[in-house]
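**Q** Residues in the sequence shown are numbered consecutively from 2, following the numbering used here.
First, the structure itself, so that you have it in front of you.
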Amino acid sequence: MILKLIENYWKKVARGGPDECWPWTGARTLGGYGQISSGTRHHNKIARALATHIALAIDGRSRPSARHVAMHSCDRPGCVNPAHLAWGLPVENMRDMWTKQRAGHQRKAAAAMDSAAAELAVRTARNHKLSDEDVREIRASTERTCDLARRFDVSWTLIDNVRRRKARAEVPDFVGTSNVDDIGRVSRETA
Ligand SMILES: [Zn+2]
Numbered sequence: 002m003i004l005k006l007i008e009n010y011w012k013k014v015a016r017g018g019p020d021e022c023w024p025w026t027g028a029r030t031l032g033g034y035g036q037i038s039s040g041t042r043h044h045n046k047i048a049r050a051l052a053t054h055i056a057l058a059i060d061g062r063s064r065p066s067a068r069h070v071a072m073h074s075c076d077r078p079g080c081v082n083p084a085h086l087a088w089g090l091p092v093e094n095m096r097d098m099w100t101k102q103r104a105g106h107q108r109k110a111a112a113a114m115d116s117a118a119a120e121l122a123v124r125t126a127r128n129h130k131l132s133d134e135d136v137r138e139i140r141a142s143t144e145r146t147c148d149l150a151r152r153f154d155v156s157w158t159l160i161d162n163v164r165r166r167k168a169r170a171e172v173p174d175f176v177g178t179s180n181v182d183d184i185g186r187v188s189r190e191t192a
């Protein structure tokens, strides 16, 4: 299965020279990142992996944690040349973008920001799809945020906010009750 994935992966890479960008020719996310079916199923949906993550894994650099994201030194989300990729935490990614912006890469960084903003806007629009029942299920669940996000097809941020009652606070935990007191208690506990 892994071999098949790697084989499929290379079919979609326009491999160039060692220093050039290697554009991904397959499917892309809204933000322009390459994605590939991982060949596994997750809650009856075919699980997809980011091409950059596969690129790093093939290069012998497995993901340090689920919070890590693949960062591009070339600022091209579709590039999968491992020489242009590194693992980083989102905060480093933002700092990195900001530093580059200050160094005179305004246009590129703005484009990257735009695609991130566009992805966020679409995500936000989709986020309204969560039913009250979904909200209760998310709050009661012990699944990881990333798994829930994938399952409900919403952002990690929304899952996190739903869990912390920062989003959809109006939805009671139990049908037929109001949990205004609960919300107060929960926010005091987490404060
Ligand atoms: Zn590149």
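The beta carbon of each residue, even a glycine, is placed where N, CA and C say it ideally should be.
Use the C-beta contact count for residue 147: other C-beta atoms within 10 angstroms, 16 or more gives buried, fewer gives exposed.
**A** In the sequence shown, residue 147 corresponds to position 146, counting from 1. Under this definition residue 147 is an exposed residue.
**Q** Among 54, 23 and 24, which one has its Cα closest to the Cα of residue 38?
**A** Stepping through the sequence shown from its first residue, residue 38 is reached at position 37. It is 54.
**Q** Could you check if residue 160 is buried or exposed, using at least 16 other CB atoms within 10 Å of its CB as the buried criterion?
**A** In the sequence shown, counting from the first residue as 1, residue 160 sits at position 159. Residue 160 should be labelled buried.
**Q** What's the C-alpha gap between residue 60 and residue 134?
**A** Position 59 of the sequence shown, counting from 1, holds the residue named residue 60. Position 133 of the sequence shown, counting from 1, holds the residue named residue 134. Distance between the alpha carbons of residue 60 and residue 134: 42 Å.
**Q** If you measure from the CB of residue 77, is any heavy atom of ligand 1 nearer than 6 Å?
**A** Residue 77 sits at position 76 when you count from the first residue of the sequence shown. At least one heavy atom of ligand 1 is nearer than 6 Å to the Cβ of residue 77, so yes.
**Q** Shorter than 6 Å, the distance from the beta carbon of residue 85 to the closest heavy atom of ligand 1, or not?
**A** The residue labelled residue 85 in the question sits at position 84 within the sequence shown. Yes, Cβ of residue 85 sits closer than 6 Å to a heavy atom of ligand 1.
**Q** Quick check on the DSSP output: what are the complete alpha helix (DSSP H) runs of length 4 or more inside the stretch 37–79, in order along the chain?
**A** Listed in chain order, the complete alpha helix (DSSP H) runs (minimum 4 residues) inside the stretch 37–79 are 52–59.
**Q** What is the rounded straight-line gap between the Cα of residue 28 and the Cα of residue 6?
**A** Numbered from its first residue, the sequence shown carries residue 28 at position 27. Numbered from its first residue, the sequence shown carries residue 6 at position 5. Their backbone Cα atoms lie some 14 Å apart in a straight line.
**Q** Tell whether a beta-carbon distance below 7 Å holds between residue 23 and residue 32.
**A** Sequence index remark: in the sequence shown, residue 23 carries index 22 (1-based). Sequence index remark: in the sequence shown, residue 32 carries index 31 (1-based). No, Cβ-Cβ distance for residue 23 and residue 32 is not below 7 Å.
**Q** Are the CB atoms of residue 152 and residue 73 within a distance shorter than 7 Å?
**A** Numbered from its first residue, the sequence shown carries residue 73 at position 72. Numbered from its first residue, the sequence shown carries residue 152 at position 151. Result no, Cβ atoms of residue 73 and residue 152 do not sit closer than 7 Å.
**Q** Do residue 35 and residue 48 have their CB atoms nearer than 7 Å?
**A** Residue mapping note: residue 35 aligns to position 34 of the sequence shown, counting from 1. Residue mapping note: residue 48 aligns to position 47 of the sequence shown, counting from 1. For residue 35 and residue 48, no; Cβs fall outside 7 Å.
**Q** With 16 other CB atoms within 10 Å as the buried threshold, where does residue 81 fall?
**A** Counting from 1 along the sequence shown, the entry for residue 81 is found at position 80. Result: buried.
**Q** Is DSSP giving residue 83 helix, strand or coil here?
**A** Translated into positions along the sequence shown, residue 83 becomes position 82. In the structure shown, residue 83 sits in a helix (DSSP, three-state: H, G or I).
**Q** Grouping DSSP H, G and I as helix and E and B as strand, with all else coil, what is residue 23?
**A** If you number the sequence shown from 1, residue 23 lands on position 22. Note: residue 23 maps to coil in three-state DSSP.
**Q** When every heavy atom of ligand 3 is checked, does at least one fall within less than 6 Å of the C-beta of residue 82?
**A** Absent from the structure shown: ligand 3. Ligands present: ligand 1.
**Q** Could you check if residue 22 belongs to the surroundings of ligand 1, using beta carbon to heavy atom distance under 6 Å?
**A** Walking along the sequence shown from the start, residue 22 turns up at place 21. Residue 22 Cβ: within cutoff of ligand 1.
**Q** Am I right that residue 1 and residue 57 are in contact with their C-beta atoms under 8 Å? What's the rounded C-beta distance?
**A** In the structure as shown, the chain begins at 2 and stops at 192. Residue 1 is therefore absent and cannot be evaluated.
**Q** Under a Cβ-count criterion, where at least 16 other Cβ atoms within 10 Å of its own Cβ denotes burial, should residue 67 be classed as buried or exposed?
**A** Against the sequence shown, residue 67 aligns to sequence position 66. With fewer than 16 other Cβ atoms within 10 Å, it is exposed.
**Q** With a threshold of 16 other CB atoms inside 10 Å of the CB of residue 149, please say whether the residue is buried or exposed.
**A** The residue labelled residue 149 in the question sits at position 148 within the sequence shown. Its Cβ being crowded by 16 or more others within 10 Å, residue 149 is buried.
**Q** What's the gap between the Cα of residue 4 and the Cα of residue 156?
**A** On the sequence shown, residue 4 is found 3 positions in, with the first residue counted as 1. On the sequence shown, residue 156 is found 155 positions in, with the first residue counted as 1. Taking the straight line from one Cα to the other gives about 30 Å.
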